[in-house]
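See below for the structure under consideration.
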C-alpha cells in the first residue's frame, strides 16, 4: 500500500518519472551512474558495508561515485522529498568515515547535520525547518576550506564545521523516502566563483564535470541574499 501511494505521489510530479542523473566518464569508465534506484531492491553488498553504521532501517535509494572531490568543488542535487531521508558523503578508502551526513526529518520539522568517525556518530547539529512533503528541493553541498556550505533552494545557507575536512574520492549515497531527479558535480577552486542561470549552476571559471565541453558558460541572474540560520547543538551523540 505504501509503495502504491509513493508511486501516486511521483506521478503527480512528471519530471521525476525518469531519472536524469548525468553519466560522467573518467578514463573511459562510467563513474556517475545514469540511474535512480528509488524503488529497486537494496544491493546486499552495499547494505552489508553499512549495516553497522545505520540502525534506522531506512531503504537504500541511490549511490553515486565521485573520483575526486576536493576543496572548492560543489555537488548539486535536485530531488523530491517524500518523507524522512538522508544524504551522506563517504570516503572510498574508509567505509566507516562519513564526512557529512544530512538527515531531513519533516515529521520533526528539522534538518540534522552530523559526521561518523571512529565507529560512532558525533554530536547532532539541528536546524528547525518546515518542509511539507511532497516537496521539490534543490540542494548544493560545497566543500570549503574549513567547512561544508549547504544551500537549500538558493535561499537557506548552512555552514557545517568539521575538525577534519575529508577530500579525495567520494561516494554520495541516499537513504529513505526520496526520489533523485538530477545530480551534478561542479569542479572549481576556492578562488573561483559560481553564478546560477535559469538552467542550473554555471561556473564562471571552473569546469562543470557533467556539462559538454562545447557548452558556452553564461552569467546567471543574481541569487537572493539569505541570512544564516541559528542552529542548536546537542550535547549527546546521535545514532542518526
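In mature numbering (1 follows the signal peptide of the UniProt record, and there is no 0), the protein residues as written are -19 to -1, 1 to 221.
By construction, the Cβ of each residue, glycine as well, lies at the ideal position given by its N, Cα and C atoms.
Contact annotation: residue 109 and residue 91 have beta-carbon atoms nearer than 8 angstroms. Within the segment 38 to 118, complete beta strand (DSSP E) segments of at least 3 residues are found at 41 to 50, 55 to 72, 79 to 86, 91 to 98, 104 to 109, given in chain order.
Residue 148 carries a coil assignment under DSSP once its states are collapsed to helix, strand and coil. Residue 124 is classed as buried because its beta carbon has at least 16 other beta carbons within 10 Å across all chains shown. Bridge partners of residue 135 according to DSSP: none are assigned. Counting only residues of its own chain and dropping the five nearest sequence neighbours on each side, residue 59 has a CB closer than 6 angstroms to the CB of 119, 162, 163. If the five residues before and after residue 64 are omitted, its C-beta is found closer than 6 angstroms to the C-beta atoms of 114, 158, all from its own chain and listed in chain order. Ranked by how close their Cα comes to the Cα of residue 152, the residues 79, 126, 168 have 79 in first place. Sequence-distant partners of residue 134 (beyond 5 residues in either direction) whose C-beta falls short of 6 angstroms from its own C-beta, in its chain, are 119. Look at residue 128 here: in three-state DSSP terms it is strand.
Classified as buried, residue 132 has 16 or more neighbouring CB atoms from the shown chains inside 10 Å of its CB. When rounded, the separation of the alpha-carbon atoms in residue 57 and residue 103 is 25 angstroms. If you draw a straight line from the Cα of residue 46 to the Cα of residue 112, it comes to about 28 angstroms. When rounded, the separation of the alpha-carbon atoms in residue 81 and residue 88 is 22 angstroms. Rounded to the nearest angstrom, the gap between the Cα atoms of residue 99 and residue 128 is 20 angstroms. Between residue 62 and residue 138, the CB-CB gap reaches or exceeds 8 angstroms.
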